[in-house]
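So the structure is just underneath, and the comments pick up after that.
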Amino acid sequence: MRIAVCDDEQRFICDLKKDLDELYSSLDMITDGYTSGEELLKGFRRKAYDVVFLDIEMPEMDGITLAGKIRELSRDVCIVFLTGHIEYAIKGYEVNALRYLTKPADKQKIKEVIDHVLVKLESSKTLWVKTAEGEQRISLSDILFIEAHNQNVIISTADESISVRGNIRDYEEELSQYGFFRIHRGYLISLPKVLRIGSKSVVLEDNTTLPVSRSKESKLRDMLFSYVSKEAF
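Numbering (this note's numbering), first residue to last: -2 to 230.
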């Protein structure tokens, strides 16, 4: 899990990071601290976060404005406001804030927030990829297929195609447990996205048609049957 804390008081950043370390010492967690909104935005563009804790009352850029800019970068990040003024809560709904915590933040309340996010992440498996713009998180449920292209792979969703450095074989190994199947040396598909199987081809739900290797046809049908049977129960 990746967490960012943005507060103009360095002391508060240290206290919150300490609480997180004590609460989740066994969890693979990275917590970065920022003392200004601009610093956080630069960091977020390099690597997206799962959770951001934002002080509302900061000089130069307040937390509400900062949250709006963060939401433009990611619709999935969980935003938690830190404030002593509950009247800001209404504005928080505009950026889909997860929660408000009063300062200094109560340790149990922090735990409730992180536990909620952990459940959310577990129910929505994601893939982290490194692009030219920085690190990006992609929900596995959004992926239609992955295509090998020279030294890169192209990850296609209904909304975009993302080119990243990598080998399709590595993605096959990582994603096979999540319903992905290699139908061809150049294509890895998401089984839930299959609309129908044709002759030496497969049609996905966006009507994309991809080739299926002769050696993969029988296995593909078996995998689809197994997947559908499992989903039915």
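Every residue, glycine too, gets a C-beta built ideally from N, C-alpha and C.
| Query | Result |
| --- | --- |
| Can you tell me whether DSSP reads R(-1) as helix, strand or coil? | strand |
| From A229 to S223, what distance separates their C-alpha atoms? | A caution first: A229 carries a pLDDT of 38, below 50, which makes its placement in the model unreliable, though a value can still be read off. Near 10 Å, if we compare the C-alpha coordinates of S223 and A229. |
| Could you check how far apart the C-beta atoms of V77 and A45 are, in whole angstroms? I think they sit under 8 Å. | The pair is not a contact, with the Cβ atoms about 16 Å apart (cut-off 8 Å). |
| Taking buried to mean at least 16 other C-beta atoms within 10 Å of its own C-beta, is T206 buried or exposed? | exposed |
| Hey, how far is the Cα of A102 from the Cα of L79? | 7 Å |
| Contact defined as beta carbons within less than 8 Å: I believe K197 pairs with P208. What is the distance between those atoms, to the nearest angstrom? | 6 Å |
| Could you tell me which of I107, S23, D25 sits nearest to V2, measuring between CA atoms? | I107 |
| For the segment 152 to 164 and the segment 61 to 74, state whether three or more C-beta atom pairs, one from each stretch, are separated by less than 8 Å. | no |
| Does the distance from the C-beta atom of I165 to that of L137 stay below 8 Å? | no |
| Could you please give the first and the last residue of the uninterrupted beta strand (DSSP E) stretch that includes Q133? | 131 to 136 |
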